[in-house]
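Novice:
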Amino acid sequence: MNIAIVEDRDFDADTLFSFIEQYKNHYSLELNLTLYKSGEDFLASAFETYHLVFMDIYLEEIDGVETARRILEHNADCLIVFLTTSKEDIWRAVKIHACFDYIEKSSLNYLRIEEVLNSAWKKLRFRAKVLEFYSGKQKVRLPLSKIQYLVSHDKYTFITLENGQVLRYRVTFSSLFSILEKETHFLLCNRGLLLNMDFITRTNRETFIMADGEAFPIRKRNRTAIIQKFNDHQFEKLNEQGDISWIN
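Dropping the structure here:
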C-alpha cells in the first residue's frame, strides 16, 4: 500500500509517521510512506499512485479539502483520511464525497491508526477482487466494487455498473450467484436479483433503492432477515469509516 501524509506541522507528521511505522512492523506489511508539507508539494508529485492519504484540513494556500478534490479527479479510488483539530469542518469533505475517515488530532494514538489502516486494507482487498466468468467464448472480468447489481432475465444476466452502464451476458444467474454468494457485500433480495449493498441508498422495508434510483422488491419470505443483513452491513461501514451522521 502506498501511503502519503500531507501535514505542515512537524510534530503531527512525525507522530503519525511513527504510528504507521509501528503498524507496519507489527503486521510485517509492505507499506510505502511519504511525507509532504503542503497540498502544492503533494499535487506536484505522482499523487495518483497513492492508495491512502492522511490529509490535514488546515493547510496553507491549498487546503486539505481542495487538495482532496483534485486527487479524486485523477484517482477516484484513493482513500482519504482527514486530520483536523475541529471535526466541525469535516462537512466540507463529506459534501465532495472525499472522506473515507477522519481523525481528530486530540485523539491521535496508535489504536486509532491501527483501526483506520485495518479498514483501509479491507476496502482495498475488496476493490482488488474481480468477477470472472465466460459468456460464450468471451472471458469477462469485472471489479466487484464497480458492480451495482445483477438481474436475471431469460437466459441472460444483466449487470449494472457503478457508472450506470448495463452489460448483458449469456450466462446463467445461478452460476454467477455461486461465485458471489460468499462475498459479504452482495445480497440476494429476491429471485434473480443480487445487489451490492454498498450501492443501496435506502430501504422502505418492501424495496431497496439503489444509487442509480432503481428500486427492487424484497421477497416476503425471510424479509426481516434480508433487511437485517443490510442493516448489519451499514453498521459495519459506519464502524469502519467513523460515525459522521452528526453532519446531517
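Counting from 3, one number per residue, gives the positions in the sequence shown under the numbering used here. C-beta atoms are modelled at their ideal positions from N, C-alpha and C, and glycine is treated no differently. Predicted model, so just to flag it, every value in this text is computed and none were measured.
Which residues mark the beginning and the end of the alpha helix (DSSP H) in which Y171 is found?
Specialist: Segment V168 to Y171 is the beta strand (DSSP E) holding Y171; no alpha helix (DSSP H) there.
Novice: Taking just the CA atoms, how far does E106 sit from D10?
Specialist: Whole-angstrom Cα-Cα distance: 16 Å.
Novice: Since N77 and N34 should fall inside the 8 Å C-beta cutoff, what is the C-beta to C-beta distance between them, to a whole number of angstroms?
Specialist: About 15 Å separates the two Cβ atoms, so there is no contact after all.
Novice: Look up L163 in the DSSP assignment and give the residues it is bridged to.
Specialist: The partner list for L163 (beta bridge, DSSP) reads I149.
Novice: Between the region 206-217 and the region 175-185, are three or more C-beta pairs nearer than 8 Å?
Specialist: No: the two stretches stay apart, fewer than three of their Cβ pairs being nearer than 8 Å.
Novice: Using only alpha-carbon positions, find the residue among Y171, F56, R129 and E32 that is nearest to N198.
Specialist: Residue R129 is the option with its Cα nearest to N198.
Novice: Is it the case that the Cβ atoms of L54 and L119 are separated by a distance below 9 Å?
Specialist: Yes; because the gap between Cβ atoms is below 9 Å, this pair is in contact.
Novice: Distance, Cα to Cα, S20 vs K26?
Specialist: One C-alpha to the other measures close to 10 Å.
Novice: Which of the three DSSP states, helix, strand or coil, is assigned to N224?
Specialist: Coil, per DSSP.
Novice: Residues in its own chain within less than 7 Å of F84 by CB, not counting five upstream and five downstream?
Specialist: Closer than 7 Å at the Cβ level, and outside the excluded window around F84, lie M57, I59, G66, I92, A95, C101 and Y104.
Novice: Return the Cβ separation of Q150 and E134 in integer angstroms, given the expectation that the two are a contact with Cβ distance under 8 Å.
Specialist: Incorrect: roughly 18 Å between the Cβ atoms, too far for contact.
Novice: Take V2 as the anchor and find which of L178, D16 and V173 has the nearest alpha-carbon.
Specialist: Here the chain has residues from 3 to 250 only, and residue 2 is not among them.
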